[in-house]
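Here's the structure we're looking at; comments come further down.
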Amino acid sequence: MKILTILGARPQFIKASSVSREIKKYLQIEEVIVHTGQHYDTNMSDIFFEQMHIPKPNYFLGIGGATHGAMTGQMIERIEEVVLKENPDIIMVYGDTNSTLAGAIVASKLNIKLAHIEAGLRSFNMKMPEEVNRILTDRVSTYLFCPTDKAVENLYAENYQNTGCNIIKSGDVMLDGALFYKEIATQPNFDIMGDFVLCTIHRAENTNDINRLRNIIESLDTIAEEIKVILPLHPRTSKIIKESAIPVQNITITEPVGYLEMVWLLKNCTIVMTDSGGLQKEAYFFSKPCVTLRDETEWEELVDVGANILTGTDKSKILEAYHQGKNKEIAFSEELYGRGDASGIIIKELLK
Ligand code: UD1
Ligand code: UDP
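Numbering-wise, the sequence shown is residues 6 to 357 according to the numbering used here.
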């Protein structure tokens with residue numbers, strides 16, 4: 006069986022590392038990896054392939070940094086060429102980025118089976134590019150690998166059970182990775198002493214709206230008067246903060262870090278404050294409270310169990326949530342995201 010895996014953005018490298026490791030156990034499966042180039046800086050891409058021993062991509066398309074339409078269009082064209090040459094049995098895509106959507110469209114045009122890992126998630130906010138990408142991808146998928154019960158429920162609510170696709174609750178491949186890498190986490194090479202808050206910010210809805218971004222930065226800067234706030238910053242946000250001259254006085258801003266360093270930061274922080282999808286779950290995997298700087302989340306179960314507080318970008322809500330969350334004891338239950346064996350479940354299903 007030949008699986009053609011499409012990757013492009015940081016969270017996809019992290020998710021795919023566990024699945025590629027699983028694929029290697031099966032002599033009868035060949036994996037061909039296509040990297041679209043959506044993320045291209047060394048510390049947004051190469052570092053993950055090196056640290057996590059992800060097989061080197063067979064194809065690097067070099068399509069990054071353009072507008073969303075241009076990026077997605079170019080990806081479709083180039084991925085189609087590769088697929089016609091490789092003739093895979095299955096195309097595998099992850100999550101909800103433009104690279105995901107491009108892979109899904111090619112699979113549907115060429116009538117090749119599509120496996121969507123992290124299917125069924127919904128924020129119910131169609132203004133988010135990710136929501137559109139994931140809905141369109143789900144709609145043309147043959148295999149919908151759902152990380153949570155809620156994801157399965159979402160698909161049933163949209164009547165997917167009557168469309169001939171396979172809905173499988175696999176659990177979350179990010180849990181597989183967190184469990185695997187936690188033993189070899191590495192302290193970052195910048196100075197960290199005492200308690201700290203771990204933050205990331207990069208979502209379009211927060212970075213494209215300068216008022217939202219300003220509110221977030223001002224809130225984190227206030228929190229940083231009492232506790233160290235470490236913000237490994239996505240290049241997108243970094244550029245916008247510089248261009249808009251938003252003042253940063255107390256926050257410790259660093260370059261994006263590798264996954265091994267990120268796991269160390271997760272293990273050692275007091276609380277996570279983020280607008281990332283993946284980091285909300287990782288906070289939970291490491292029993293840390295999380296404040297989510299968005300108006301809604303796809304990971305509602307975390308809010309339900311009290312591990313995650315949603316604040317949007319209102320300054321008083323962010324400060325209140327930080328104070329409320331920082332001393333919270335979070336009891337981790339593996340069952341919410343499976344048992345760390347999602348990659349195995351996925352590959353066994355594809356081999357059936
Ligand atoms: C993308 C995904 C988002 C995901 C995020 C993970 C879409 C629509 N969005 O958002 O769902 O949460 O990745 O990190 O696919 N840039 C660099 N160097 C890089 C990568 C990006 O400088 O290595 C800059 C470029 O200016 C680029 C901008 O960041 O234009 C945005 O990158 P893009 O890939 O369009 O979206 P992300 O915000 O990274
Ligand atoms: N991450 C990382 N280094 C960083 C920031 C994030 O390794 O500097 C990891 C993080 O631990 C998680 C993934 O990147 O595994 C999340 O990706 P991101 O926040 O870019 O995207 P999202 O999850 O929002 O789609």
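Where is the CB? At the ideal position from N, CA and C, for every residue including glycine. Being a predicted model, the structure only gives us computed values, none of them experimental.
**OP:** Could you spell out where the alpha helix (DSSP H) holding P240 opens and where it closes?
**Re:** In the DSSP assignment, P240 falls within the alpha helix (DSSP H) that extends over 240-249.
**OP:** With a threshold of 7 Å, establish whether the CB of K272 neighbours any heavy atom of the ligand PLP.
**Re:** Looking at this structure, you won't find the ligand PLP anywhere; what it does contain is the ligand UD1 and the ligand UDP.
Subject >> Distance between N220 and D319 (C-alpha atoms, nearest Å) >> reply: Going from the Cα of D319 to the Cα of N220 covers about 7 Å.
**OP:** Report yes if the CB atom of S146 is closer than 8 Å to the CB atom of I11, and no otherwise.
**Re:** No, the pair does not count as a contact, with Cβ atoms beyond the cut-off.
**OP:** Please name the residue in G69, E55, E163 whose C-alpha comes closest to that of P240.
**Re:** Nearest option by C-alpha distance: G69.
Original post:
What did DSSP end up calling G13 once you bin it into helix, strand or coil?
Top reply: Judged by DSSP in its simplified three-state form, G13 adopts coil rather than helix or strand.
**OP:** Identify the continuous beta strand (DSSP E) that holds P237 and give its terminal residues.
**Re:** First-last of the beta strand (DSSP E) with P237: 233-237.
Original post:
Can you tell me whether DSSP reads G184 as helix, strand or coil?
Top reply: Correcting the residue identity first, residue 184 is Leu in this sequence and not Gly. Helix.
Original post:
Whose C-beta lies closer than 7 Å to the C-beta of Y264 among residues of the same chain, with five residues either side of it excluded?
Top reply: Closer than 7 Å at Cβ, skipping near neighbours: I19, F53, Q56, M57, Y186.
Original post:
What are the boundary residues of the beta strand (DSSP E) that includes K174?
Top reply: Taken as a continuous stretch (DSSP letters only), the beta strand (DSSP E) holding K174 covers 171-174.
Original post:
Taking the C-alpha atoms as reference points, what is the distance between G169 and F150?
Top reply: Rounded to whole angstroms, the gap between the alpha carbons of G169 and F150 is 14 Å.
**OP:** Mind checking which residues open and close the beta strand (DSSP E) that includes T297?
**Re:** T297: member of the beta strand (DSSP E) spanning 295-297, first to last residue.
Original post:
Where does M49 sit, in a helix, a strand or coil, going by DSSP?
Top reply: M49 falls in the helix class under three-state DSSP.
Subject >> Secondary structure, beta strand (DSSP E): runs of 3+ residues fully inside the segment 309-357 >> reply: Positions of the beta strand (DSSP E) runs, each at least 3 residues long and wholly inside the segment 309-357, are given as 313-315 in order along the chain.
Original post:
Under the three-state reduction of DSSP, which class applies to Y31: helix, strand or coil?
Top reply: Looking at Y31 - three-state DSSP - the assignment turns out to be coil, as it is neither helix nor strand.
Original post:
Curious, which full-length alpha helix (DSSP H) runs of at least 4 residues does the segment 132-181 contain?
Top reply: As far as the segment 132-181 is concerned, its whole alpha helix (DSSP H) runs of at least 4 residues are 134-144, 154-162.
Original post:
Any idea which residues DSSP pairs H40 with across the strands?
Top reply: For H40, which the question treats as bridged, DSSP gives the partners L12, F65.
Subject >> Which residues DSSP lists as bridging Y99, in chain order >> reply: Note: Y99 sits in a beta bridge opposite I122.
Original post:
Who are F201's beta bridge partners in DSSP?
Top reply: Looking at the DSSP assignment, F201 forms a beta bridge with K233.
Original post:
Just how far apart, CA to CA, sit E85 and V178?
Top reply: Going by C-alpha positions, E85 is about 26 Å away from V178.
Original post:
Closer than 7 Å: is that where the CB of S50 sits relative to any heavy atom of the ligand UD1?
Top reply: Relative to the non-hydrogen atoms of the ligand UD1, the Cβ of S50 comes within a distance shorter than 7 Å of at least one.
Subject >> Opposing strand residues paired with I276 [DSSP bridges] >> reply: Paired residues: V202.
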